[in-house]
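Chains as they are written, first to last, in the UniProt record's numbering: chain A, 1 to 328; chain B, 1 to 328.
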DNA sequence: TTCACTTTTGCATACGTATTCAAAATATGA
DNA sequence: TCATATTTTGAATACGTATGCAAAAGTGAA
């Protein structure tokens, strides 16, 4: 089998010109039904597939989306990854996966994205300096911050409505009769953690209630250690709002270890609704992030920007839902 | 900023030919130190980066590795994904992520990999028909099955030594005084589940011991349901060997729900050593798969095949380690 | 200096596709 | 039927790079 069958080969066999072959494979080009059939038959016979690199070279466009991710320890993100790949596949786009250890995407990875001239970029977990974000803009590469906002917010971002979620959670806990609450935060420089807290504190303030804030880091270990500290300091509240599920699981395990009854002594509510939250061992009440919708919004924007770049910025917020289980 | 600065632009500014610019960026080409400096200075000034697509078009090679994955619900695999991206990055390769829902990779995804003329392919979770695997061979694209073996084993595979692991686990449980054991399998057509069982049963047979096999599916829910069935049928053994950790966690939760004491009444041992196995709520004894080594072996093979294709097949088995915790 | 030899450079070309433009084919209308 | 409008086609070219080949530049010995 010859490894490189090109449009010219197909053209010869089909008895048409290379241009016609090209047109058959180019979305929206005009070809008569007759030549289309001839070309497809010849292509089938030869096992022809258009060379993506030649295409990209001449169109200066690609069908590759760069997806930047950091925290794969949190099961929420792998799920995001697969949903994105599935969603993009529908439109013929493939995903170039970029993993960063640091919070901020490394220059090397930025170069990769630029070298491959990706059609668009999704940043999930990680952050990106303003400089770098601007350089994508200069190249007219659309960019979406997924579940994060850049402080200078003239970039597009898609989030769950964290403010409303925080409010609803506070109201729910109040309704359940909790008065002495605590918030266990994620990494403190993330917009998600800050906004969840903001909504939460707003509502408590309306009821003239104080709450204690404990800084943590969005990891299981962090949640576990933080809860242990709180218990040992004798500062147990009547309810914990934990900034994400994986931390909340750590909190639950710490409570269990210390023999604190959930939800009788302490209520716990998480955020994300990862699969593990529904496990019989946990049955965690939580706030569901509507991943499908968020992904859909992201893809919609990227597709429209790829069709015609505007660089428009917006902060899209999708509403989530409270999932009541056994920890409240 | 002009979006497309090419080698000719750099050449003009540096006062050399386009070929010289090309040679500066081509690994192993000969350029004098003087022109190299001139070119790099000019490139820096213009913000030049070589166009990957033009490169790939002419060299007929790429720096893209296709990574095919199915089960992201099992935390083992996201970890594998990040380790691969990190390892490949060192050598300048990027990862094209392909997610498949079915066990077998879909034709559409195969086409994607071929269209992008990937330099190599890693199949982790999924399987691939012999036909498809052969077509990669026909294109001289090296292929590694990671943690899986194809039945017709003339393709390269890298696994943990599952046979030895199964043996060691049986011996360990025997030493702990268990006699009446049960194996909870993963998907039954996977080489991993079969080989783990084979080693396990070998050793038990040597001691003239029977064991009960329960078919399950490598998911938490599967482990949970299977264990519940066993308990309700009154068939509780003195020890469970569970084919992976995520299932073992389900088993532990089922046992806890039914008030079965672990390890007093039943011992449980898993496989993989995912992060959650070490959580205080579980403390699962398990078998550690040496991911780093497995990844390293895979990358080593792919790099050598990319340097010069041989299509050689081998079944590499890396030894794992028993991690003793509180469930045995 | 001259000559032989090695290294470096530039020219020209090729990779496989999309796209412009003019020519050819086809459809339309009277 | 012919003349005109419309659609389809093919030839030629461009995209940005790598590379074979020959010319140029550099090196070293005598």
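Yeah, the Cβ is synthetic: ideal placement off N, Cα and C, and Gly gets one too.
Can you give me, in chain order, the residues of the segment 245–266 of chain B that have a beta carbon less than 9 Å from any beta carbon in chain A? 249, 250, 252, 253, 254, 256, 257
Below 7 Å on C-beta distance, what does residue 54 (chain B) contact in chain A? 57
Compare the C-alpha of residue 314 (chain B) against each of B:207, B:72, B:74, B:143 and name the closest. B:143
Excluding five sequence neighbours on each side, which residues of the same chain lie with their C-beta closer than 8 Å to the C-beta of residue 9 (chain A)? 46, 48
Does the Cβ-Cβ distance between residue 243 (chain B) and residue 186 (chain B) come in under 8 Å? Contact: yes.
Taking Cβ-Cβ distances below 7 Å as the criterion, which residues of the segment 274–307 of chain A are in contact with chain B? 275, 279, 280, 281
Does DSSP classify residue 271 (chain A) as helix, strand or coil? coil
Within the 8 Å Cβ cut-off, does residue 226 (chain A) reach chain B? Not an interface residue.
Could you pull out every unbroken beta strand (DSSP E) segment of at least 3 residues lying fully inside the segment 142–189 of chain B, listed in chain order? 143–146, 156–160, 181–184
Under 8 Å between C-beta atoms of residue 291 (chain B) and residue 18 (chain B): no
I'd like the list of long-range same chain contacts for residue 76 (chain B), defined as Cβ closer than 6 Å, with 5 residues on each side in sequence excluded. Closer than 6 Å at Cβ, skipping near neighbours: 272, 274.
Examine the Cβ distances between the segment 225–239 of chain A and the segment 190–198 of chain A and report whether three or more of them are shorter than 8 Å. no
Apart from the five residues on each side of it in sequence, which residues of its chain come closer than 7 Å, Cβ to Cβ, to residue 164 (chain B)? 199, 319
Nearest-angstrom Cβ-Cβ length linking residue 265 (chain A) and residue 281 (chain B), presumed shorter than 8 Å: The pair is not a contact, with the Cβ atoms about 18 Å apart (cut-off 8 Å).
As assigned by DSSP and simplified to three states, the class of residue 224 (chain B): Here residue 224 (chain B) sits in helix by DSSP.
Counting C-beta neighbours from all protein chains within 10 Å, is the total for residue 247 (chain A) 16 or more, i.e. buried, or is it exposed? Label assigned to residue 247 (chain A): buried.
What are the start and end residues of each continuous alpha helix (DSSP H) run of 4 or more residues lying completely inside the segment 246–327 of chain A, in chain order? 291–307
Close Cβ partners of residue 125 (chain A) (< 7 Å) along its chain, the five nearest in sequence each way excluded: Around residue 125 (chain A), the same chain offers 69, 70, 71, 77 as residues with beta carbons nearer than 7 Å, after the five sequence neighbours per side are excluded.
Cβ-Cβ separation, residue 169 (chain B) to residue 119 (chain B) (assumed contact under 8 Å), whole Å: Contact doesn't hold; Cβ gap of about 37 Å is too wide.
Does residue 130 (chain A) come within less than 8 Å of chain B when only Cβ atoms are used? By the rule that beta-carbons nearer than 8 Å mark a contact, residue 130 (chain A) does not touch chain B.
Ordered along the chain, which non-local residues of its own chain (more than five positions away) have a Cβ less than 8 Å from that of residue 321 (chain A)? 287, 288, 290
Cα separation between residue 311 (chain B) and residue 104 (chain B)? 22 Å
Short of 8 Å in beta carbon distance, which residues of its chain neighbour residue 171 (chain B), apart from the five on each side in sequence? Order them along the chain. Apart from the 5 residues on each side of it in sequence, residue 171 (chain B) sits with its Cβ closer than 8 Å to the Cβ of 203 in its chain, given in chain order.
Are the C-beta of residue 12 (chain A) and some C-beta of chain B separated by less than 8 Å? With 8 Å as the cut-off, residue 12 (chain A) does not count as an interface residue toward chain B.
Looking at the structure shown, is residue 58 (chain B) part of a helix, part of a strand, or coil, going by DSSP? Residue state, collapsed to three classes: helix.
Using alpha carbons as the reference points, say which of A:307, A:15, A:238, A:33 lies closest to residue 175 (chain A). A:238
At a CB-CB cut-off below 9 Å, which residues of chain A make contact with residue 78 (chain B)? 72, 73, 75, 77, 78, 81
Neighbourhood of residue 161 (chain A) by C-beta, 6 Å cutoff - its chain only, sequence neighbours within 5 removed: Cβ within range, chain order: 317, 319.
Check the Cβ-Cβ distances between residue 220 (chain A) and every residue of chain B, and say whether any is below 8 Å. yes
Within the 8 Å Cβ cut-off, does residue 114 (chain A) reach chain B? With 8 Å as the cut-off, residue 114 (chain A) counts as an interface residue toward chain B.
Classify residue 91 (chain B) as helix, strand or coil using the three-state DSSP reduction. Coil, per DSSP.
Classify residue 2 (chain A): buried if its beta carbon has 16 or more other beta carbons within 10 angstroms, exposed otherwise. Any reading at residue 2 (chain A) must be qualified, since the residue scores a pLDDT of 47, below 50, and its modelled position is unreliable; the value itself is stated next. It is exposed - the Cβ of residue 2 (chain A) has fewer than 16 other Cβ atoms within 10 Å.
Please list, in chain order, the chain B residues whose beta carbon lies closer than 9 Å to that of residue 111 (chain A). 49
Quick check: the Cα distance between residue 97 (chain B) and residue 88 (chain A), rounded to an integer number of angstroms? 12 Å
Decide if residue 146 (chain A) is buried, meaning its Cβ has at least 16 other Cβ atoms within 10 Å, or exposed. The residue is buried, with at least 16 neighbouring Cβ atoms inside 10 Å.
Spatial neighbours of residue 93 (chain B) in its chain, beta-carbon cut-off 6 Å, leaving aside the 5 residues before and after: Within the same chain, residue 93 (chain B) has close Cβ partners 63, 65.
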